[in-house]
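What the sequence shown shows, in my numbering, is residues 77 to 290, in sequence order. Using N, Cα and C, we set each Cβ at its ideal position, and we do this for glycine too. Let me begin by presenting the structure, written as structure tokens, before commenting on it.
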Amino acid sequence: MRLLRYLVLSSLVVVSASACGGNPDAPEKKSRTASSRPLTTFAVTEDDRVESFTRKRWSVSSGGSFATSTGIVAFARSSTALHCVEQVLLRLHVESGEPREDVTLSVYPSSIFRLKALRPGHVFKGYQEVLDDAIKADASVASEPAWVEFDVTEIYRLWVKGGPFPSGGPRVPSSAPVIFTIKGSEDQPSTRTFSSHTSNTSPELLIESPKGCA
């Protein structure tokens, strides 16, 4: 009789614990939000000219016989509160590239704050490719069609906060959208072509946060 009573009480304790909050060791639920379509994507050529505004593709090239170009990707600011942000991923879709071997590309905070005045053929006077090269996100990028992800969490947080960045560069205006610069390395001559903001596989900015955080 005592054994039966013990078993019944134990069962009640288990049910009560489940009802009051579930398994405390269960992983916390996350919410991942994809941004809207990018505001724009384009490349800046080695003579500091804007190109590829309306094209389906844009390229990042560097080193060897490849004409140097850097990529620019811009997104509207997310409504997710900064204290809720746990991880931010920039996803780009590779269309093609040379050489066939994987190469490393890097994402930096952009030195461009305003986009409205830019037009194809626009020349940047005294163009600086990045706002601060002391902070970046690297990823290995294939030459065949595939998605590649860059963990830009640190860059994103500092950008939204307005800085300051590690090297003490200029602060980011609160009105500026979130803008990234993508570069290759002179040590790895290569070119990689990506889908633009007008394509069905346009870049994405994924923001992960605890579910219900506000």
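- Uninterrupted beta strand (DSSP E) stretches at least 3 residues long and entirely within the stretch 114-185 occur at 116-121, 133-138, 145-151, 163-174, 179-185, given in chain order.
- The beta carbon of S172 sits closer than 7 angstroms to the beta carbons of S219, T269 from its chain, once the five residues preceding and following it are set aside; these are given in chain order.
- Per the C-alpha coordinates, the member of C289, N276, I283, S285 positioned closest to V170 is N276.
- About 4 angstroms separates the CB atoms of T257 and S186; that is less than 8 angstroms, so the two are in contact.
- Taking the CA atoms as reference points, R153 sits about 10 angstroms from S250.
- In this structure, I231 lies away from A210, with their beta-carbon atoms at least 8 angstroms apart.
- Residue burial annotation: D208 is buried, with at least 16 other C-beta atoms found within 10 angstroms of its C-beta.
- L191 carries a coil assignment under DSSP once its states are collapsed to helix, strand and coil.
- Taking C-alpha positions only, V206 is separated from R113 by approximately 23 angstroms.
- In this structure T180 is exposed. Its beta-carbon is surrounded by fewer than 16 other beta-carbon atoms within 10 angstroms.
- Straight across, the Cα-Cα distance linking A215 with S137 is about 15 angstroms.
- In this structure, the alpha-carbon of Q204 lies about 20 angstroms from that of V236.
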